[in-house]
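For any residue, its number in the numbering used here is found by taking its place in the sequence shown, counting from 1, and adding 25. A virtual CB, placed ideally from N, CA and C, is assigned to each residue, including glycine.
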Amino acid sequence: MSDVTVDGVVLTANEVRRRVLAHGMNTVARSYDRELKSALDCYIKENLSEVMSYWSYLQTEVKLQIIQIHEDKIVKALVTQ
Numbered sequence: 026m027s028d029v030t031v032d033g034v035v036l037t038a039n040e041v042r043r044r045v046l047a048h049g050m051n052t053v054a055r056s057y058d059r060e061l062k063s064a065l066d067c068y069i070k071e072n073l074s075e076v077m078s079y080w081s082y083l084q085t086e087v088k089l090q091i092i093q094i095h096e097d098k099i100v101k102a103l104v105t106q
């Protein structure tokens, strides 16, 4: 995928990917589908560094879910700084 121009703004392929994934995560977090929510939990557990690359596009509910899942890692990182 090459760069895309949206409303006069050039977005890189990676930026488009991050925005689409964030939108999907936000949508799944609001859904009632347990299977999708379970898939989202698994994705968040396994891909923290990738999820952080589109943090700014995530809704607060999803950010809180990420923090809850990775609470121990976050606290350890804060304490060791």
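Output needed for Leu73: all residues of its chain with C-beta closer than 7 angstroms, excluding positions within five of it in sequence on either side, in chain order. His95
- Message: Does the contact criterion of 3 or more C-beta pairs under 8 angstroms hold for the stretch 54–70 versus the stretch 81–101?
- Response: yes
Exercise for the section: Please classify Thr105: does DSSP put it in a helix, a strand, or coil? Expected result: coil
| request: Would you mind sorting Leu103 into buried or exposed? The rule is 16 or more other CB atoms within 10 Å of its CB. | output: exposed
_Among Lys98, Asp28, Glu40, the one whose alpha carbon lies nearest that of Glu71_ = Lys98
Classify Tyr76 as buried or exposed, calling it buried when 16 or more other Cβ atoms lie within 10 Å of its own Cβ. It is Val, not Tyr, that sits at residue 76 in the sequence shown. Buried.
TODO: Pick helix, strand or coil for Leu36, following the three-state DSSP scheme.
DONE: strand
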